[in-house]
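Residue numbers (this note's numbering), protein chains in the order written: chain A, 1 to 455; chain B, 1001 to 1455; chain C, 2001 to 2455; chain D, 3001 to 3455.
Glycine is no exception: its CB is placed at the ideal position from the N, C-alpha and C atoms.
Below is one structure; the comments refer to it alone.
Protein chains: 4
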Amino acid sequence: METRGLLDRLFAAQAMGELFSDRARVQGMLDFEAALARAEAASNVIREDAAIAIAAECRAERFDLDALSSSAALAGNLAIPLVKALTDRVAEKDPEAARFVHWGATSQDAIDTGLVLQLRSAFELFDVDLVRLTAALAELTRAHRSTVLLGRTWLQSAPPITFGLKVAGWLSAIQRQRARLRELRARLLVVQLGGAVGTLASLQARGLAVATRLAEELKLSLPDIPWHTQRDRVAETATVLGLLAGTLGKIGRDISLLMQTDVAEVFEPRGPGRGGSSTMPHKHNPVGAAVMLAAATRVPFLVGTLLAAMPQEQERGLGGWQAEWDVLPEICLLTSGALQQAVHVVEGLEVDDARMRANFEATLGVVLAEPVALALARRMDRRVAHELVARMCARAQTEGRPLSEVLLADEHVSLHLSAAEIRRLCDPTAYLGLAESWIDRVLASVAGESRETWV
Amino acid sequence: METRGLLDRLFAAQAMGELFSDRARVQGMLDFEAALARAEAASNVIREDAAIAIAAECRAERFDLDALSSSAALAGNLAIPLVKALTDRVAEKDPEAARFVHWGATSQDAIDTGLVLQLRSAFELFDVDLVRLTAALAELTRAHRSTVLLGRTWLQSAPPITFGLKVAGWLSAIQRQRARLRELRARLLVVQLGGAVGTLASLQARGLAVATRLAEELKLSLPDIPWHTQRDRVAETATVLGLLAGTLGKIGRDISLLMQTDVAEVFEPRGPGRGGSSTMPHKHNPVGAAVMLAAATRVPFLVGTLLAAMPQEQERGLGGWQAEWDVLPEICLLTSGALQQAVHVVEGLEVDDARMRANFEATLGVVLAEPVALALARRMDRRVAHELVARMCARAQTEGRPLSEVLLADEHVSLHLSAAEIRRLCDPTAYLGLAESWIDRVLASVAGESRETWV
Amino acid sequence: METRGLLDRLFAAQAMGELFSDRARVQGMLDFEAALARAEAASNVIREDAAIAIAAECRAERFDLDALSSSAALAGNLAIPLVKALTDRVAEKDPEAARFVHWGATSQDAIDTGLVLQLRSAFELFDVDLVRLTAALAELTRAHRSTVLLGRTWLQSAPPITFGLKVAGWLSAIQRQRARLRELRARLLVVQLGGAVGTLASLQARGLAVATRLAEELKLSLPDIPWHTQRDRVAETATVLGLLAGTLGKIGRDISLLMQTDVAEVFEPRGPGRGGSSTMPHKHNPVGAAVMLAAATRVPFLVGTLLAAMPQEQERGLGGWQAEWDVLPEICLLTSGALQQAVHVVEGLEVDDARMRANFEATLGVVLAEPVALALARRMDRRVAHELVARMCARAQTEGRPLSEVLLADEHVSLHLSAAEIRRLCDPTAYLGLAESWIDRVLASVAGESRETWV
Amino acid sequence: METRGLLDRLFAAQAMGELFSDRARVQGMLDFEAALARAEAASNVIREDAAIAIAAECRAERFDLDALSSSAALAGNLAIPLVKALTDRVAEKDPEAARFVHWGATSQDAIDTGLVLQLRSAFELFDVDLVRLTAALAELTRAHRSTVLLGRTWLQSAPPITFGLKVAGWLSAIQRQRARLRELRARLLVVQLGGAVGTLASLQARGLAVATRLAEELKLSLPDIPWHTQRDRVAETATVLGLLAGTLGKIGRDISLLMQTDVAEVFEPRGPGRGGSSTMPHKHNPVGAAVMLAAATRVPFLVGTLLAAMPQEQERGLGGWQAEWDVLPEICLLTSGALQQAVHVVEGLEVDDARMRANFEATLGVVLAEPVALALARRMDRRVAHELVARMCARAQTEGRPLSEVLLADEHVSLHLSAAEIRRLCDPTAYLGLAESWIDRVLASVAGESRETWV
């Protein structure tokens, strides 16, 4: 096989890459085959020693991936050649046992259960990084709960916030994401065992016993009914990761905008070889944000693919099922890569408080037009106030003077507002509203969360 | 405005169309404005009579939608002209009160909270139809728990199932979908109130009191923090409906395949004007399935849109937020249309048991190759058995004789299987495995479910 | 019908809204029916006076859209009730003629040909706006061919360009887009006439004559073969408009970034009611860019929908065809809206040359690290040069002094570069390379283009 | 790197896999670097022997892909570490020459030009397979120009067509696709050379000469202007391949439906190991169709990704550009795999004419209701005729008698139609209309096409 993983280390977390390697995919299916044999032995469907002989061969490193790949191209799925190869291996040592490899199961039983096992491990990796990201965001929130930052709406300057408030918004979204992953696990972590058409008729009276035991062996639940062509669990996994990728994209978007040379309020951590340019010595590129945004660009379409693949035909899909095989791993990889970069960037983020303040000053305070207008609106018609303040702002900008000065100098304004009032209205730290209250609420939720255990 | 709803009745449930009409969108925002005024009066931010005067005008039918549409095209959102128009209306009766319209809020507060209110109503509609669909599917499952049906995998004939088993698979997916909607509600049904940049600084010390009271007024929760540019709640709504649309697409796919003239096992209910042809008198088109499949084609891309729109800039999105406005309603409409058709089709489905049996017989029983091969595999090498049975199947098909006859006549087979065994192995009703057990499990889950109340 | 067009004026060009209104859709189909009747009369399939009677009733304003909508919801498409209603209207005046309405055609013949007619008109609208946009971009390019602007890569400052070069890049892409639209027209503008299954057997020996005449009547081409389920023409239309939406999104992205308060180099044109805020008097929101970016967010998914809908079943699609009906108009509307905004914004763009220069100066010239490094690399090892310049840049930034000063003061640098060389290397106007050459090439292409006629 | 190509042989053509392997990606970039050095030597920018020394090292097999992958993860793109590694290799032999590696270029120049070179090769592969598919489809069309086949609309039986007509529809779409690829080539096959921000200022006065010579070296065109963030060419490539994937999906859909056990009219070619089942000896799965449909499910979303990635920031994209890197190759791979399967399946398709005729007979002729209704409509009110024929069809189906018999026996019908007329109206070969004419038109177009040369 020609390899195509040159950019994997850029776009995916390495541990996730291992979880979704060719070898790991094969191992997931072999784990199913071994557990099936054990479950069938425990249920007296096959002999104990056959199960032992089968399980002993269920080690992915013993299989020729290149040969499997070629055979899969003919067979149409990976399970057929893998079962054949496993049977051959078992037969070399115990021809009798070889007859009971994959007994009663269908290809999709192995492929789907193997996938569920891979996803369970993937969720553990995601959780580790989400815990780390949560901690880093909480710390950043606390550190900057009072750091004044220009608010920006429609990419135009707006009233002030604190940098902590912005980070608390990211944190809150990550919190919800962890809740979604918990809810998903309960539905997803089930075995697939139905045989050719879901009836498990191949196991006759012992089907339910085998299925129950198989679930126990693999520490998965037994679903109410096999789900070969009911793909909502698979698609739901995609959607939940898609939401995570979207939130990470939001974080990446914000950081990349704050890191613009023209803004320069935060910086991704520097490091040797990181974010340089092939030609420009002064460059420090936001590589982490680029990876987060690239994932947020690609993953929504991959999620859509799995939703579009849901209407699978009758008892086994033709096209839709096959479309899933590489797409769900890709979603895990891209999302893990974005998450890994988010952890790295948030943990090491350089924050330039002084520049934040300087950028605020550079607006001449016109972004405090809102409180001035609200204060005036208590004393005159609201729209008259709105227009008066707009004029004052224009004057400040034309003359390059702070809004407070312009207001203090204006006779009309002075009729309604005292100098002290004007100074207070133009003080950004006096116009942060509930910033700290919201932050406290988010941090309290996180604290509650962190007491929970879900793995 | 030019109208473009000609196909809405085909693709959307009418009640959902009303929920997402122009008028209803405006009413959602006005409900926010009225509740905000009341909350501010209760918190002593504005006068009680101002709140009364404002609330009295918050009736969508009094506003000129055409004028709003024109102004929105300039302003860039709908809230700006609506607030202006509302202010004008209030001012006609109480100029003093008019100053306090929308007091302290930002456009997005009104737009997002209005959307949440629309979605709450939408979920109630979805629930009504899901309850009905659940009941209809459960009844169909029970009625056909033993009706033998050819299994079909990769669109090729396979061992038998029962029609009840197939329907139970649909039912099980619908069950999970109801659980997802319940979980979503807890996260989604929150107010949006943060003012220009989320600090609610405009309300100074009374912000939290107003926000809390606003949530009570609207029977929504107060989120930990405003979520203007954290769009995971909105995108999650899309994903959950996307999963429902996918499951409905699966039902539509199956029905359309079973209804093919060449198969003719089930039929959508007939009715005057339904599914005819402009030229072919004999036609009975599966209109319901077409609507379900059209939704399952379109919705995944609309879901992707909302995921892609998540990385919104800083404190207010530029492009992404605007992309949401028509897309989420579209998802609700298309999914409701598919659901409505599913209810109609499942409730009235015509099932031709005899044709199901005849189609099974037409396979000459070769679809029972599996149990025959498994039985032989207990007595000989498995692959030898597999190939022997493949030969027997080929002979049955070449000679047009049932597999059972071919097996009975074959000397080699007779060495290993008795005539009685062969007959039992070739009896479809003896090869239904766990069909009834799975059905019972699904129906038991539904029974548990139906005792729950979640609205 | 409930209307849902409240945001249409924001997101779509009004003329395009009219082209894709309900009424226009019906008229497209009626134009087909009238032309079919005339073609059949000319081919002696029906009587001349029948054709006249039919054509006389083919006026959309005479039909009850609400009734059509209700019937379409049962029939599964719009043509069935429209043909019935047309037949009824004709029958009132000429019962004999009524028998020949829609003679020999199938629903899809009317729906597809009607769509092609709508698209032809849409292309004319697109062309008008593209010509205007081309002219405006060319003018802006010429006006700012030498206006120095900070280059920005990965959102970090980079060597200088001219604003004209940036605009020439947009212009060049718009040029290619016009070429794509020309190529598309040749394939798309064909009639659909095949009857129930494409054989046009209903017209017996006269089918080809009627089809040929129909094409002439409508000034369309006759395709080699009917294309009921070969949807590449429809999907291609979507892709070509998708490329246009992407290019407009690029323009919107650039403008929104240049218009950030922190950058403030260009501004969308101001106007009464345009881009204000409900609460912030100082705001001037980039509404045009928001619409362009919203379209660039939504359209890619709509394009994907039409590609995904291509594999339509046998002689008439089930789900895929139906999915097209509202999606292609939506693409036209959103793209037209983005294009209209682009024309408005580019024609009225305010460019602040002084701020562009000031922003360049604010970099202290470190963005000219590249030429300095290249100059040094001619005299020393390249990586040594790269690192030396990186140190100089860091010093300039730490000390807040221009790079040129730092270089002039550095002994090591002075060994290799003279003061005059350093000054020249640090002069942005001396480092614009081929900016003007590229501009000239693009303008020459446009000049060539504008001599072409394609409508 | 962990490999993830286990299913590549199933989903992609092997030759395409080689073209888009890691090694080939690196070689594409090295081909750019070698050609750049030669062009710069020819333009007297660098010395001839430096160019020779550089070009000598531009062989991908000499580079450590694993090390490149790790460095790219830090640098954010592949060009930076590749240029470093190349410089090191050159320096070992000629330190002086090493200074001129990648002289004046930017990372994206190498990455984009390398991609264009890969795509040119990919188009040649596509063309080879399209020529083969065209020939196979033309032959199949000719062979079955008169083979009667049941038409099927909405998956319901419809009037007859010929199998040749169906295949001619596929062929016609493939023809258009080849035209699209030709038009695309003219726009796509251009070099990318602009240096850091597109001005190529690094090459001073010799920029245009170098760029021109580079294009000649690589047998590409020189674009009017560098296109670093004008991604329409890249996205267009995706859309054109997306249209091809959609057409192949249509072919796969039709074949999979015709191959259903219940229909059994055509079969994919059989072969050892192809399309078997792990458990069901009788199975012959449509693996080719599954691959075509899987591609048609996935590719539309990948195309959408590239359209969504178009609005790239200023002079270098942040997220969007990075999103392209793996997606465009993926589109090439999946489309090539679908095309390869289409060639295999169409070349070896088994067609069962007898079963086609039998399936037609099984409809009892009710699918000829249309001509009967049309014939009657010439003698009575059209809707009366429509209803009369509908009754006759129902009677035929209830009584299991051919429609012709039912008509012959009906007194009312006999008043209007003679027995001879009825027999002719119920003869499918008399109701094939223009089937052969359309076929001739398509074949004539193909013949014209095949005389063209475009590579």
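- Of all C-beta pairs linking the region 3160-3170 of chain D to the region 3285-3303 of chain D, fewer than three are shorter than 8 Å, placing the two stretches out of contact.
- Ala3338 of chain D places its beta carbon 7 Å or farther from that of Ala3308 of chain D.
- Around the beta-carbon of Ser2107 of chain C, 16 or more other beta-carbon atoms lie within 10 Å, marking it buried.
- Two segments are said to touch when three or more pairs of C-beta atoms, one from each, lie closer than 8 Å; by this definition the region 2336-2351 of chain C does not touch the region 2385-2394 of chain C.
- A residue is called buried when at least 16 other Cβ atoms come within 10 angstroms of its Cβ; Thr2239 of chain C meets this threshold and is buried.
- Looking at the backbone, the Cα of Trp3325 of chain D and that of Pro3311 of chain D are separated by about 16 Å.
- DSSP lists no beta-bridge partner residue for Ser3071 of chain D.
- Comparing alpha-carbon positions, the option among C:Thr2335, C:Glu2124, C:Thr2113 and C:Ala2085 lying closest to Gly2242 of chain C turns out to be C:Thr2335.
- In the structure shown, Val2190 of chain C falls within a strand segment according to DSSP collapsed to helix, strand and coil.
- Legend: CB atoms of the region 3015-3040 of chain D lying less than 7 Å from CB atoms of chain A belong to residues Gly3017, Glu3018, Phe3020, Ser3021, Asp3022 and Arg3025.
- Contact between the region 93-103 of chain A and the region 47-58 of chain A is established, with three or more Cβ pairs separated by less than 8 Å.
- Along the region 2143-2175 of chain C, going in chain order, the ones with a CB nearer than 7 Å to a CB of chain D are Gly2151, Arg2152, Thr2153, Trp2154, Leu2155, Ala2158, Pro2159, Ile2161, Leu2165, Ala2168, Gly2169, Ser2172 and Ala2173.
- Contact between Leu1364 of chain B and Arg1401 of chain B holds: their C-beta atoms lie close to 7 Å from each other, under 8 Å.
- Between the region 3041-3048 of chain D and the region 27-35 of chain A there are fewer than three inter-stretch CB-CB distances shorter than 8 Å, so the stretches are not counted as touching.
- Shown here, Pro2160 of chain C sits in a strand according to DSSP, grouped into three states.
- Collapsing the DSSP output to three states places Arg316 of chain A in a strand.
- Shown in chain order are the members of the region 1040-1071 of chain B whose Cβ falls below 8 Å from a Cβ of chain C: Leu1065, Leu1068, Ser1069, Ser1070 and Ser1071.
- Under the Cβ criterion of 7 Å, Thr2261 of chain C is counted among the residues facing chain A.
- According to DSSP, residue pairing for Arg1152 of chain B in a beta bridge involves B:Ser1157.
- Membership of Ala2373 of chain C in the alpha helix (DSSP H) is indicated by the continuous run Ala2369 to Ala2377.
- Distance from the CA of Arg441 of chain A to the CA of Leu2318 of chain C, rounded to the nearest whole angstrom, comes to 51 Å.
- Closest option to Phe1011 of chain B, judged by alpha-carbon separation, among B:Ala1079, B:Gly1198, B:Leu1257 and B:Thr1297: B:Thr1297.
- Between Pro1272 of chain B and Ala201 of chain A a beta carbon distance of about 43 Å is seen, past the 8 Å cut, so the two are scored as non-contacting.
- Around the beta carbon of Lys3219 of chain D, a 10 Å sphere encloses fewer than 16 other beta carbons of the protein chains shown; the residue is thus reported as exposed.
- Assignment of Phe2063 of chain C by DSSP, reduced to helix, strand and coil, places it in the coil class.
- Following the DSSP letters along the chain, one finds Pro2269 of chain C in no alpha helix (DSSP H), marked with neither H nor E.
- Separation of Arg379 of chain A and Ala1098 of chain B (C-alpha to C-alpha, rounded to the nearest whole angstrom) is 13 Å.
- For Ser2121 of chain C, the enclosing alpha helix (DSSP H) has its first and last residue at Ser2107 to Ala2143.
- For Leu2244 of chain C, the enclosing alpha helix (DSSP H) stretches over residues Asp2232 to Leu2258.
- Per DSSP, the continuous alpha helix (DSSP H) segment holding Gln1027 of chain B begins and ends at Asp1022 to Ala1042.
- Bridge pairing for Glu350 of chain A: A:Phe267 [DSSP].
- Only residues of its own chain outside the window of five on either side were considered, and among them Ala1039, Ala1042 and Ser1043 have a CB closer than 7 Å to the CB of Arg1213 of chain B, listed in chain order.
- A check of alpha carbon separations from Ala2060 of chain C across C:Asp2094, C:Gly2194, C:Leu2019 and C:Val2327 identifies C:Leu2019 as the nearest.
- Close partners of Asn2285 of chain C in chain B (Cβ separation under 7 Å): Gly1076.
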